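In my numbering, the protein residues as written are 190 to 458.
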Ligand SMILES: [Mn+2]
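Quick look at the structure:
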């Protein structure tokens, strides 16, 4: 085994489809690290509108598909988030990974639990109906071709702001871990990386990939670590054009052999 391999790498809240998604950077993190298990801890997608995925967004999904090839010997786990809801069955077929509501495993003789975290955000639970309404309104706006215009951007920002309930999610998660006899619990959702401990139970938040701090978690025999992605000077260049997305989708679909069995008109628009 590679001595520098982590047992697990966790990232969440990439919000593919949002203009603020740092998919390219997230793909780099996956390529630059070795790990036996990858947990995509929810809200990998921003919404159901695949037309908003850019070339870099499709590349991220293509790389996940590659990693999930059994020959790679990496277990890829997708834990559903509130934004991912309803997308995950499509994606488990498209990207070939298992989707869970929550995922538990044993490592270093400790029980670990990964759950997106919206379950502990009372506001979010009460907001489900409103949130569905919001999503349908959003999709209507898309149809009017407000794409990449200020309204769509504003909605992305509001969506992100509303979710910042970091202490509430932490205390809910700690209680949930105690109830389920987990020693370590991992969440996303709040977009704020965090570690806190209470009565021997550790809570970790993996942060997100839509703000200025881009973070992920690793677990190995030395423990759990929060990493912040640092841009390397040689990577700094201009962003990809959205216009390239269609060809990236075609490449992805072709490589994945999807053209035979998926009519992707039905998931795009
Ligand atoms: Mn969320």
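Heads up, the beta-carbon is just placed ideally off N, CA and C, and yes, glycines get one too.
In this text, all values refer to a predicted model and were calculated from it rather than measured experimentally.
Contact test: residue 394 Cβ vs ligand 1 heavy atom, cutoff 8 Å: If you number the chain shown from 1, residue 394 lands on position 205. No, the Cβ of residue 394 stays beyond 8 Å of every heavy atom of ligand 1.
By Cβ distance, which residues of its chain are closer than 8 Å to residue 367, with the 5 residues on each side in sequence left out? By one-based count along the chain shown, residue 367 stands at place 178. If we look at residue 367 and ignore the five residues flanking it on each side, its Cβ neighbours are 388, 390.
Give me the residue from 198, 354, 393, 420 with the minimum Cα distance to residue 267. The residue given as residue 267 occupies position 78 in the chain shown. Checking every option, the nearest Cα to that of residue 267 belongs to 198.
Answer with buried or exposed for residue 251, where buried requires no fewer than 16 other C-beta atoms within 10 angstroms of its C-beta. For this step, residue 251 is matched to residue 62 along the chain shown. With 16 or more Cβ atoms within 10 Å of its Cβ, residue 251 is classed as buried.
Any non-hydrogen atom of ligand 1 within 8 Å of residue 236 CB: Your numbering for residue 236 matches position 47 in the chain shown. Outside the cutoff, so no.
Would you please state the rounded distance, in angstroms, between the beta carbons of residue 273 and residue 232? I believe it to be under 8 Å. By 1-based counting over the chain shown, the position of residue 273 is 84. By 1-based counting over the chain shown, the position of residue 232 is 43. Yes, residue 273 and residue 232 are in contact; Cβ-Cβ is about 6 Å, under 8 Å.
Just to confirm the assignment: which complete alpha helix (DSSP H) runs, minimum length 4, are found wholly within the region 221-253? none
Give the secondary structure of residue 419 by DSSP, where H, G and I count as helix, E and B as strand, and everything else as coil. Here residue 419 corresponds to residue number 230 of the chain shown, with the count starting at 1. Three-state DSSP puts residue 419 in coil, outside helix and strand.
Could you name the residues that DSSP lists as bridge partners for residue 287? Start at 1 with the first residue of the chain shown, and residue 287 comes out as number 98. Its beta-bridge partners are 266.
Just the Cα atoms here: how many angstroms apart are residue 225 and residue 412? Along the chain shown, read from residue 1 onward, the residue named residue 225 stands at position 36. Along the chain shown, read from residue 1 onward, the residue named residue 412 stands at position 223. Spanning the two alpha carbons is a distance of roughly 15 Å.
So, with DSSP's three-state summary, where would you put residue 293? Counting from one through the chain shown, the residue named residue 293 turns up at place 104. Correct three-state label for residue 293: strand.
Reducing DSSP to helix, strand and coil, say where residue 207 ends up. Translated into the one-based positions of the chain shown, residue 207 becomes position 18. DSSP places residue 207 in coil when its eight states are reduced to three.
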